[in-house]
Every structure is written in structure tokens, then in C-alpha cells.
Amino acid sequence: MNEARSPALIVPRTAGRSNYPVAAAVIVPGAVLYWLCAAHPTLMPDWAPWDFSPTVYLGTVLAGFWYIRGIALAPAEARPAVWRRIAFALGLALIYAVLQTRFEYWSQHMFFLNRIQHDVMHHLGPFLIALSWPGAAIARGMPAPLRRVAGGGPVAGAIRIVQQPLLAGFLFVGLVYFWLIPAVHFRAMIDPTLYAVMNASMVIDGLLFWFLVLDPRPRPPARASFGVRAALSFGVMFPQIALGAFVALTHRDLYSYYDLCGRLFPSLGALSDQHIGGIVIWIPPAMMSVLGMGLVLNAYRLHEEIEERARESTALPFDSDPAPR
């Protein structure tokens, strides 16, 4: 069934009403965090934001709130399984952790930690969120005007374009390559605006790619067939392996920014830091690609089983004895 017409997506009228206490519960803690980060940064614990970002804060908090609210508004039979809820919460928490805790500072002072940050933003976090398939719950929990904007018009058209399989694969790999061009990487790390653009592009592109690949539905309504999605997940692995191997095996310092800003671990030299970072580029994304392909093939198997049961339930009874002439 097309999810857009599923009864599970019917939103109660109360879902779009203003909720000032909830708005206050979101805005007030954010304002306090912003003030503390600006006025008393040395008092902030490791789990608090290093450099408070209103965009990251609102994006993660609102997504989590809308998801919880959407589940509460859904009928019992339409609520996602517990494992999907856990996957969503874990994916959202991981993205928040690498962008809004002291890890953000650490990732600016060691290349291999920066690569771990990008793996979480581009691979692991979006992978878990897409695996949870939270679209229906989030849409149900969103305010009605915002839901209409997100679900139609220019936004939907732009998503259709960037989720064309070839373009999606090119962007998924191409953005990793682009931000690792030494001159581009250096500029992004010293320019706060470009740094924010880099991180945002990683998260958004990761979500768009993994939502395309891990769509549990057949085509249509999915944008690509199971076979295309499996090939896409597997195909993006090889350019990333090549890039990781190049960075890991190069014997000259490609990323001088980390010497300029001062390394978090001075005992770990530039080449050692770079080689570990290359391995982080090389191995974890490849493992995620293989896992993604396996999940797509499993979704295809489940779909075939459902189709087979449907055919069996509608088949005419068969009499093994030939009809008399």
C-alpha cells in the first residue's frame, strides 16, 4: 500500500494545534545552553555543547519531539516496532553527540577524530534513522502547515531529483571526496560558515542516500527497485575504499590544519593521525555498504514472501484428478 494513502497516516485534528508549553520546553533550554556556551564555556561539562548551534539543537530536538508525538497520536497497530524506535533514538543521539558535545572540539584537533565524526554524520547516524523508517510518525507529529510544506511542492521536487539513483550515489561519494581535498578541507576547518555547511551537507546527504537505499517498500512507491538499491549500496563502497587507502598509505602530510591548530594528542604525529584517519575512511563505510546491501536483499525476500502468500490465498482450489470427459 502506498503510505501516502494509508489510514495509519491520518492525522487527528488536534495534531496541528498550537502548543505553547511545548514550544517553551524547546526554546528555553536552548536559550540557556546558548548563554552558557557564550558566557561560561569553561563551566560546560564534556556532554554539553562545545559551540552551541541553534540549527543542530532545533533539528534534533524537534525531530525527536515530533517522532514521539507522532507515535502517541497513532493507533496501536500503526506504531513502529520497538527496535525501530531504538534505531531512531540512537541515530539521532549519535548525530547530536558528534556535533553538540565536547567531541566537536576534539574532532577539530585530530584528523582521525574528524573522520569518525563524519562517518557518524554521513553513515551511521543517517543509516540508523533511515532503518527506523520514521517518516510517518514524524509527519503525524509535525504542525500541519509545516507538514504541508515538507510534503509537497519545491521540497518534494528537490528530493525526487537528488534521490535519482545515479545522482544519489555520485553525491554520496563526491561530497566525501570534495571535503577531503586538502585545500578545501583546510578552508572549511578555519571558516566557521563553511565548516557548518560541510557538516550540514554530510548529515543531509547521508539521510537522503540511506532513506533511498533502505526504503522497505517495493517500487513503486519506492524510488528505485530492490536490485538498483542493492547495487547502489554496494557500488559506493569501492570509491570510498580507494580514497581511504590513498589517505592511509600516503607518506606526506595532506592535512596541515591539524598541526596549525594543535593536536589533541601531541604524541600522535601527523602521519600516524592521517593513516588512522585513512583507515576510518576505508573500513567502516565499506562495512556499512555491505550491511546496507544485505538489508535491501532481506527486504526483497520479505516482499517476495508476502507476494507469494497473497498469490496462494487468491489461487483457485486445484483438483489433482482429471475432469471426466
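Residue numbers for the sequence shown follow the working numbering, so the first one is 33 and each next one is one higher.
Even for Gly, the Cβ is constructed at its ideal location relative to N, Cα and C.
Collapsing the DSSP output to three states places Leu-246 in coil. Counting the other CB atoms within 10 Å of its CB gives Arg-147 a total of 16 or more, which places it among the buried residues. One Cα belongs to Ala-262, the other to Leu-203, and the distance between them is close to 17 angstroms. For Tyr-128, the uninterrupted alpha helix (DSSP H) run begins and ends at 114-132, by DSSP. By the C-beta density criterion, Leu-239 is buried, having at least 16 other C-beta atoms within 10 angstroms. Glu-136 is classed as buried because its beta carbon has at least 16 other beta carbons within 10 Å across all chains shown. Met-320 is a Cβ neighbour of His-155, given a cutoff of 8 angstroms.
For Phe-297, the closest alpha carbon among the candidates Phe-143, Asp-83 and Ala-119 is that of Phe-143.
For Trp-79, the CB contacts under 7 angstroms within the same chain, skipping 5 residues up- and downstream, are Thr-133 in chain order.
Between Leu-244 and Ala-200, the C-beta spacing is below 8 angstroms.
Classified as exposed, His-283 has fewer than 16 neighbouring CB atoms from the shown chains inside 10 Å of its CB. When the Cα atoms are used, Val-208 and Ile-103 turn out to be separated by approximately 34 angstroms. Here the C-alpha atom of Ala-182 lies approximately 7 angstroms from the C-alpha atom of Ala-188. Just measuring C-alpha positions, the residue of Gly-185, Leu-226, Leu-131 and Gly-91 sitting nearest Ile-170 is Gly-91. When the five nearest sequence neighbours on each side are left out, no beta carbon in the same chain lies closer than 7 angstroms to the beta carbon of Ala-113. In this structure the stretch 273-283 does not lie against the stretch 220-237, because fewer than three pairs of beta carbons, one per stretch, are closer than 8 angstroms.
Counting of Cβ neighbours within 10 angstroms places Ser-139 among the buried residues, the total reaching 16 or more. Excluding its 5 nearest sequence neighbours in each direction, Ala-55 has no C-beta neighbour in its own chain below 8 angstroms.
The straight-line gap separating the alpha-carbon atoms of Val-229 and Leu-163 is approximately 25 angstroms. If you keep only unbroken alpha helix (DSSP H) runs of at least 4 residues inside the stretch 249-281, you get 258-267 and 269-281.
Trp-242 counts as buried, since at least 16 other C-beta atoms from the protein chains shown sit within 10 angstroms of its C-beta. Contact check between the stretch 69-86 and the stretch 95-111: fewer than three CB pairs, one atom from each, fall below 8 angstroms, which does not count as touching. Proximity to Gly-310 across Ser-299, Leu-212, Tyr-289 and Tyr-332 peaks at Leu-212, based on C-alpha coordinates. When only Cα atoms are considered, Ala-110 and Phe-278 end up about 47 angstroms apart. In the three-state scheme derived from DSSP, where H, G and I count as helix and E and B as strand, Arg-192 is classed as helix.
Around the beta carbon of Ser-85, 16 or more other beta carbons lie within 10 angstroms, which makes this residue buried.
With a cutoff of 8 angstroms on beta-carbon distance, Leu-124 and Leu-246 are scored as not near each other. By the C-beta density criterion, Val-64 is exposed, having fewer than 16 other C-beta atoms within 10 angstroms. Within the model, the alpha-carbon separation for Asp-291 versus Phe-258 is close to 46 angstroms. Secondary structure note for Ile-213: it is in no alpha helix (DSSP H), with a DSSP letter that is neither H nor E. His-335 is not a Cβ neighbour of Pro-252, given a cutoff of 8 angstroms. Only residues of its own chain outside the window of five on either side were considered, and among them Ala-280 have a CB closer than 7 angstroms to the CB of His-307, listed in chain order. Look at Leu-163 here: in three-state DSSP terms it is helix.
Thr-346 and Asp-151 have their C-alpha atoms spaced approximately 47 angstroms apart.
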